[in-house]
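Those sequence lines, one after another, are chains A and B.
Its first residue numbered 1, the first sequence is counted upward by one per residue in this note's numbering.
Its first residue numbered 404, the second sequence is counted upward by one per residue in this note's numbering.
Taking it in order: structure first as structure tokens, then the write-up.
Protein chains: 2
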Amino acid sequence: MKNIKIGLFGFGVVGQGIYQVVSKAKNAHAEIVKICVRNPRKARKIEVDESLFTSDVDEILSNPEVNLIVEVINDAEAAYNIVKTALLKGIPVVSGSKTMLARHLPELIEIQKQNNVALLYDASSCGSIPVIRNLEEYYDNDLLLEVKGILNGSSNYILSRVFDHKENYDDALAQAQALGFAESDPSFDIEGYDSLFKLVIITVHALGTYVSPDDIFTYGISTIHDSDIRYAREKGVKIKLVAQVVKVSDEHFTMFVMPEFVSPSKYIYSVDDEYNGVVIRGECYDRQFMFGKGAGSLPTAASILSDIMARQHDYRYEYKKLRFLEKPTYTTDIRLKIYVRFAETNVLHILNFEHICEEYISEESNYVVGEIMLSDLIAKRRQLAAKDIFLANIPIFFLNQDN
Amino acid sequence: MKNIKIGLFGFGVVGQGIYQVVSKAKNAHAEIVKICVRNPRKARKIEVDESLFTSDVDEILSNPEVNLIVEVINDAEAAYNIVKTALLKGIPVVSGSKTMLARHLPELIEIQKQNNVALLYDASSCGSIPVIRNLEEYYDNDLLLEVKGILNGSSNYILSRVFDHKENYDDALAQAQALGFAESDPSFDIEGYDSLFKLVIITVHALGTYVSPDDIFTYGISTIHDSDIRYAREKGVKIKLVAQVVKVSDEHFTMFVMPEFVSPSKYIYSVDDEYNGVVIRGECYDRQFMFGKGAGSLPTAASILSDIMARQHDYRYEYKKLRFLEKPTYTTDIRLKIYVRFAETNVLHILNFEHICEEYISEESNYVVGEIMLSDLIAKRRQLAAKDIFLANIPIFFLNQDN
Chain A
1 MKNIKIGLFG
11 FGVVGQGIYQ
21 VVSKAKNAHA
31 EIVKICVRNP
41 RKARKIEVDE
51 SLFTSDVDEI
61 LSNPEVNLIV
71 EVINDAEAAY
81 NIVKTALLKG
91 IPVVSGSKTM
101 LARHLPELIE
111 IQKQNNVALL
121 YDASSCGSIP
131 VIRNLEEYYD
141 NDLLLEVKGI
151 LNGSSNYILS
161 RVFDHKENYD
171 DALAQAQALG
181 FAESDPSFDI
191 EGYDSLFKLV
201 IITVHALGTY
211 VSPDDIFTYG
221 ISTIHDSDIR
231 YAREKGVKIK
241 LVAQVVKVSD
251 EHFTMFVMPE
261 FVSPSKYIYS
271 VDDEYNGVVI
281 RGECYDRQFM
291 FGKGAGSLPT
301 AASILSDIMA
311 RQHDYRYEYK
321 KLRFLEKPTY
331 TTDIRLKIYV
341 RFAETNVLHI
351 LNFEHICEEY
361 ISEESNYVVG
371 EIMLSDLIAK
381 RRQLAAKDIF
391 LANIPIFFLN
401 QDN
Chain B
404 MKNIKIGLFG
414 FGVVGQGIYQ
424 VVSKAKNAHA
434 EIVKICVRNP
444 RKARKIEVDE
454 SLFTSDVDEI
464 LSNPEVNLIV
474 EVINDAEAAY
484 NIVKTALLKG
494 IPVVSGSKTM
504 LARHLPELIE
514 IQKQNNVALL
524 YDASSCGSIP
534 VIRNLEEYYD
544 NDLLLEVKGI
554 LNGSSNYILS
564 RVFDHKENYD
574 DALAQAQALG
584 FAESDPSFDI
594 EGYDSLFKLV
604 IITVHALGTY
614 VSPDDIFTYG
624 ISTIHDSDIR
634 YAREKGVKIK
644 LVAQVVKVSD
654 EHFTMFVMPE
664 FVSPSKYIYS
674 VDDEYNGVVI
684 RGECYDRQFM
694 FGKGAGSLPT
704 AASILSDIMA
714 RQHDYRYEYK
724 KLRFLEKPTY
734 TTDIRLKIYV
744 RFAETNVLHI
754 LNFEHICEEY
764 ISEESNYVVG
774 EIMLSDLIAK
784 RRQLAAKDIF
794 LANIPIFFLN
804 QDN
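Put into structure tokens, the structure is as follows:
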């Protein structure tokens, strides 16, 4: 067994969890030799030898003893610089920075190849649920048709409080923040960006294609109203914030992040509170469901530990699917059925519905249910933003596939 | 990409599924070059070039073109001979034979090491759910505390029919057989042996220790009565056939297969019909749940395909946990709380209850609920067998662990 000497970047909630988990895992043969933080003298909840801390990035990156970088800092740009520098120096990296990864994966994959060095990041998507590793190693064939799930714990916690416990949105959000599920700036979670970045990373390992986050339709839950909840309840469904990547034909796949009406027969219907749940659908095996704690200090740290231990055996992602001969390409040229609730803004002046199935007008609020091209939603993103509108996907068949 | 040339042993339900799946997976670069069956001239449901078939084992094992053996035959002894011979010749093997593996794993692990050759068998446990691979590669650390689940689809299908659909046991069994979930001799499934063999394999990869199937308490569902169903319903629980391996302290783990009263708050409560569900519990990440189709032609074949593709990258199990310095050892010296329903046989004359919590006597049937040592249940196995007795585990805390 080789000894793993870790240089850790970041000592927030996740970094402290990693410190605890690595100390506990005796068979990991791993040790944290240096921790880089902004302020080494900051008071911390857990007791750590002060000499471990540094604020100098180079004290880790130029330390010949360090044979693994673990990077769990919030600042995506700083994370990118650290990870890139380490990889260029040939030092393997375990990272949890989804924003950074979703923005820079193509370059970081190329650097891994050029420098024959590993970058692992299972913790970046769904914390302790091994989604990336399974997509890379186990569902590594042509049979995969869809990955769909609840990837963000904070927004799911809020929806569970609002929906199942009949709290109002602001109370639920405050409670999520008090419990540490939501960041002090919650827009990252509730506007769907956290789910989006995870979906971008998942898609690289699911179908072998990188799609820029900017090209993917993303709509969050911040504008949800009582009338939306009521509508969903009347239909016997729950509203969940769902991220999905779906093969719509042999040649094409689509992907988006959107609130969705989820019926009780679906696996993700029962994914409540801060939990994550992912459905992997394939030819032959139908649907598989993975469920667990997607975030939090120790669950995320446990996932990081799995990546650290994978380095004991020189594991790296092979990105096999990127080299597949017959890969589907990304399309937004698909028809969705959506529900749109609106007040002052008449959405019918914004959105080009191809077919309208329901229309409801009242003094309090209005809604329309209709079919629309995903490309139209993307084109109208700016016009939809920051308006008193709520939008949700109503799952239909894409071609002859049940979603 | 190297081309994988497969010699396939067995062309029953699973073998035919493998043939279909391998033909479909264009990116696998795999091809079946020979199929060994007992009777090459037997009529088959799917059309296959007759020249592929042989009844001569050596025509595959001595074929220099074959670089992977896939073995999915029912006869455990024949499977053992084929797998052992192949490994001794240095040919890697993918196997789905749980009985064979559960009986011979220690020897086969040793042969793999001596001959530097791979034996993969994810399909042997829970079909398309990647339990073995995840235990080996992802939950490969000290944090794992428990693996517990419904590992047998046939018995679960029967229990679902009996329990949720109020059918009687014989009708449900007949239906399971008609649908192909249960073998013509169903005792393997319903007496718990299928679950047992899977549990033995899982435990090797969960905790790094092989325990002989003969040393593990196994009790099935064939003696279930209406009064047991009624009792469970009154308590608001379902009866499931559950296999589990649990760390009960830092030094010890226990394992058994037994019907269990499962309350609605548990993940496995919702695992119905022919589905499998596995809960992996660990320090830090709490419980993770994996759910899917555990058996059947194509789901099992999809799992075999994952193992075939793993050979593209020379993947093999490292059996890391077998080398752990601090491994818990197997104990049956733990106290269980069980329900025992009996008619003529007075179980109080057989079993040494340490404490009796409930006792019920009626003209129709009697039951007792009490605490008993697992070692006593093992000692009394013969006396319990083939009697009008039904026994179920009532989950309690082992030490301070919630089960």
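The beta-carbon is built from N, C-alpha and C at its ideal position, and this holds for glycine as well.
Secondary structure note for B:I407: its beta strand (DSSP E) is the uninterrupted segment I407 to F412.
For A:P259, the three-state secondary structure derived from DSSP is strand. Interface annotation, B:G415: not in contact with chain A, CB-CB separation never under 8 Å. Here B:N769 is bridged, per DSSP, to B:F745. Using a Cβ-Cβ distance cut-off of 8 Å, the region 322-337 of chain A and the region 40-57 of chain A are not in contact, since fewer than three pairs of beta carbons, one from each stretch, lie closer than that value.
Listed along the chain, the chain A residues whose CB falls inside 7 Å of the CB of B:M712 are D140 and N141. Here B:F591 carries a helix assignment [DSSP, helix/strand/coil]. The Cβ of A:I129 sits closer than 8 Å to at least one Cβ of chain B. At a cut-off of 8 Å between beta-carbon atoms, B:D676 makes no contact with chain A. Boundaries cannot be given for A:N352, as no beta strand (DSSP E) includes it and DSSP labels it neither H nor E. When rounded, the separation of the alpha-carbon atoms in A:E326 and A:I350 is 37 Å.
Annotated as proximal: A:K293 and A:S128, with beta-carbon spacing under 8 Å. In this structure, A:K113 keeps its C-beta atom at 8 Å or more from the C-beta atom of A:E65. The distance from the Cβ of B:E686 to that of B:L554 is about 23 Å, inconsistent with a contact at the 8 Å cut-off.
For A:L241, the closest of A:Q312, A:R233, A:I158 and A:I304 by C-alpha to C-alpha distance is A:I158.
Taking C-beta atoms as the reference points, A:V200 and A:A102 count as a pair closer than 8 Å. Each of B:I792, B:I435 and B:E474 was checked against the Cα of B:S768, and the nearest Cα belongs to B:I792. Distance from the Cα of A:N81 is smallest, within the candidate group A:A118, A:N63 and A:H104, for A:H104.
In chain order, G410 and K437 place their CB closer than 7 Å to the CB of B:N466, counting only its own chain and leaving out the 5 sequence neighbours on each side. In the structure shown, B:D452 falls within a coil segment according to DSSP collapsed to helix, strand and coil. Between B:V565 and B:L522, the C-beta spacing is not below 8 Å. Inter-residue distance for A:R287 and A:N168 is about 34 Å (C-alpha atoms, whole angstroms).
Per DSSP, the unbroken alpha helix (DSSP H) holding B:S558 starts and ends at G556 to D567. DSSP, reduced to helix, strand and coil, places A:A385 outside both helices and strands of the structure shown, so it counts as coil.
Straight-line spacing of the CA atoms in B:F756 and A:E260 works out to 53 Å. At a cut-off of 8 Å between C-beta atoms, A:Y285 counts as an interface residue with respect to chain B.
The shortest C-alpha to C-alpha distance from B:A795 to any of B:L546, B:F659, B:M503 and B:G420 is the one to B:F659.
Cβ-Cβ separation between B:I605 and B:V665: approximately 19 Å, too far for a contact (criterion under 8 Å).
Taking a Cβ-Cβ threshold of 7 Å, none of the residues of chain A is close to B:F584; the smallest such distance is about 15 Å.
Across the set B:F692, B:G556 and B:N519, the C-alpha of B:G556 shows the shortest separation from the C-alpha of B:T703.
Residue range Y596 to L610 is occupied by the alpha helix (DSSP H) that includes B:Y596.
Note on geometry: alpha-carbon atoms of B:N470 and B:N519 lie some 14 Å from one another. Neighbourhood of A:E31 in chain B, by CB distance below 7 Å: empty, with the nearest CB roughly 15 Å away. Residues of chain A whose Cβ lies closer than 9 Å to the Cβ of B:F727 are, in chain order, K26 and N27. Closest option to B:K669, judged by alpha-carbon separation, among B:M661, B:V681, B:E677 and B:D676: B:V681. In the DSSP annotation of this structure, the continuous segment of the beta strand (DSSP E) that includes B:A646 starts and ends at K641 to K650.
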